[in-house]
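Residue numbers (my numbering): 45 to 766. Data block below; observations after.
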């Protein structure tokens, strides 16, 4: 592998580089908008009656992206931009061609994009066509904001202080934004930014943009932006400080253990220090994450660890620098390893741009001890350099240092564990070619040899055709205790190819086949896993879709395994299985009040069969909330002496948004695989910008007889002080 993979990497990116010159990205100067400077006050009320709006330059007509990407939008939009010494202002007019109520799922911040009439601005402040900021609003007035990375993908876990207002009229709606310069990062002295605007009008079923975007890409793609020109260079911000103190109180009861009710409380502080327009320092002291939403449970039929996303906000700003190292199932850094089993005492993170082509990320977190888990220090450092037009090279190192030799070895195998690596992320100017290659090396006491992982991937994508190849190797002694590594000691080969037909039809948007092959080998190249999947999907003009999948598989167990995870008889190591499986999925029109996704699957499962039915049903009472129901049913039939079982997971959820600042969520999860009924109720009052009062109640019980295992209630108050 040491000799063959580097040759593969060289050939892979030599091919991509040779095709790089053939890219035909958008001419940003063809879509140019002048931002007008003003010294007059602007009241953000959704009424564009200030003098600056009468002389501000407007955008040219918007283009269609979906369901087809040719021609001008049926429902046009207009955008104007002004600014003063402290704020960017946007005046937005969204015209309607079809009368009627504008769809809005709820008033919750960071609403679901496809379920709301909305407008979003994508801002490339660094002009690197890779990283930026997104600000949006629904026709009902709910805000939507996030960080953009990896070419434009938006992470909605980031929130900042900004103001907006909406006014609705029979034939159009108007929005007004005020975004403080201090809330975003940019290079002072710049005279131009990249920018694009996206509008979703569900009544006409149109997604549109100012600078045209090919329909195979998301509208947030920063390879397709116009130019925002400033009348004067942007000023430096100077050092600024924001403090976010919190106080909390809680009562918990471990009823099953027979413990008395335990009362407690705490206080802590987050601080944001803006060191420059492009660099910021985040500090946290005694953080509390009690208000974070509970994970959505899943039925576990896998041989390896399940992935659950990070939801704690401290770890999310500029998280792409840290969290996107490696690949989906091979991460050297995974922030959920920090502080979920032992308390975080303090931490700091420095992140941002250092010069025109450099980005830097430094993080250090200290946890305390809890029960048998020892106190530990976690550090990660990343240095990233932009190369070519939209690509970058990164160097990184992670370090986990156990502070004392005691504790539970399940959480620290050795007193220290380090991983260092280099990565190359490739994206052509028109985004048709994207890829990644990396080499990671781990360092810790223990067995020598095969302590590295390496991988490469390449994807070519046009409207009709897509083809990709992923290749990976993970050594048997590779160890990343701060990361997420599903398995070790394997080679993986994963080619994909797909094609889409776009018929001249008023009902069908596209249809076509996809083929995916996923192969795993032991280090000696003996096959352990094989999945060959052929699928055919069809998407209608209303964006509902259906797909049929046929899968052929092979598996050789390397360790004993209970396929139901219920404590039954284990299949012995060395067992081999072949199976065929068929699946049918349907996704309904998301413009309707009632939306749903259904998937049925039947076929072989190890030495038996499996029938599974999954559903996700949602009904919205616009704009005040939604009621959803997620269900998963798996009927597994295995021969004696192995366990046959019916696994049921049911998760009803009520999400109410009384106003733009008052929310209530109830989430119930019944899971008979772990014999548990979980109830989580969360009340949130955003009484000031990014300042909240939370009241959270959680209970776990046995489904039979509803006998309580444990319960707790938490009250938390936080306030953002500039």
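Ideal Cβ placement from N, Cα and C applies to all residues, glycine included.
Look at the segment 162 to 213 and you find these whole runs of beta strand (DSSP E), each 3 residues long or longer: 162 to 168, 176 to 182, 187 to 193, 197 to 199 and 207 to 212.
The alpha-carbon separation between residue 586 and residue 183 amounts to approximately 20 Å.
Beta-bridge partners assigned by DSSP to residue 535: 517 and 565. Going by DSSP, residue 96 is part of the alpha helix (DSSP H) stretching over 95 to 99. Out of 332, 276, 160 and 147, the CA that lies nearest to the CA of residue 759 is found in 332. The beta carbon of residue 689 is closer than 7 Å to those of 608, 610 and 680 in its chain, skipping five residues each way along the sequence.
In the DSSP annotation of this structure, the continuous segment of the alpha helix (DSSP H) that includes residue 365 starts and ends at 364 to 367. In this structure, the CA atom of residue 694 is about 29 Å from the CA atom of residue 604. Annotated as proximal: residue 512 and residue 501, with beta-carbon spacing under 8 Å.
In the DSSP annotation of this structure, residue 230 is not part of any beta strand (DSSP E), being labelled neither H nor E. Residues 518, 520 and 522 of the same chain have their beta carbon placed closer than 6 Å to that of residue 532, with the five preceding and five following residues left out of the count. Taking all protein chains shown into account, residue 71 has fewer than 16 neighbouring C-beta atoms within 10 Å of its C-beta and is therefore exposed.
The beta carbon of residue 202 is closer than 8 Å to those of 189, 190, 191, 357, 360 and 361 in its chain, skipping five residues each way along the sequence. Contact check between the segment 563 to 578 and the segment 591 to 599: three or more CB pairs, one atom from each, fall below 8 Å, which counts as touching. The segment 593 to 672 contains, as complete beta strand (DSSP E) runs of 3+ residues, the segments 620 to 631, 638 to 649 and 652 to 665 (chain order). By the C-beta criterion, the segment 610 to 621 is judged not to be in contact with the segment 633 to 646, since fewer than 3 inter-stretch pairs fall below 8 Å. Remark: C-beta atoms of residue 197 and residue 180 do not approach each other more closely than 8 Å. Between the beta-carbon of residue 151 and that of residue 703 there is about 6 Å, and that keeps the pair under the 8 Å contact cut. For the 8 Å CB-CB criterion, residue 229 and residue 286 do not form a contact.
Between residue 272 and residue 427, the beta carbon gap of about 29 Å keeps them out of contact (Cβ cut-off 8 Å). Measuring C-alpha to C-alpha distances from residue 478 to each of 467, 417, 503 and 459 identifies 503 as the nearest. Residue 244 sits in a strand when the DSSP states are folded into three classes. One thing to note: residue 218 has its Cβ no nearer than 8 Å to the Cβ of residue 319. Using a Cβ-Cβ distance cut-off of 8 Å, the segment 259 to 270 and the segment 128 to 139 are not in contact, since fewer than three pairs of beta carbons, one from each stretch, lie closer than that value. Here residue 242 is buried: its Cβ has 16 or more other Cβ atoms, across all protein chains shown, within 10 Å. Under the three-state reduction of DSSP output, residue 148 falls in the coil class, being neither helix nor strand. Nearest neighbour of residue 261 by Cα position, chosen from 444, 345, 663 and 194, turns out to be 194. Look at the beta carbons and you see the segment 418 to 438 not touching the segment 247 to 261: under three pairs across the two are nearer than 8 Å. Short of 8 Å from the beta carbon of residue 476, and not among the five residues preceding or following it, lie these beta carbons of its own chain, in chain order: 67, 504, 505 and 506. If you look at residue 716, you'll find it isn't in any beta strand (DSSP E); DSSP assigns it neither H nor E. Within the same chain, Cβ atoms closer than 7 Å to the Cβ of residue 592 are found at 579, 580 and 628, the five residues on either side in sequence being excluded. A straight-line Cα-Cα distance of about 14 Å links residue 675 and residue 721.
For residue 155, the three-state secondary structure derived from DSSP is coil. Taking a 10 Å sphere around the C-beta of residue 84, we find fewer than 16 other C-beta atoms and assign the residue as exposed. Per the C-alpha coordinates, the member of 439, 699 and 633 positioned closest to residue 665 is 699. Take the alpha-carbon of residue 127 and the one of residue 208: they are about 15 Å apart.
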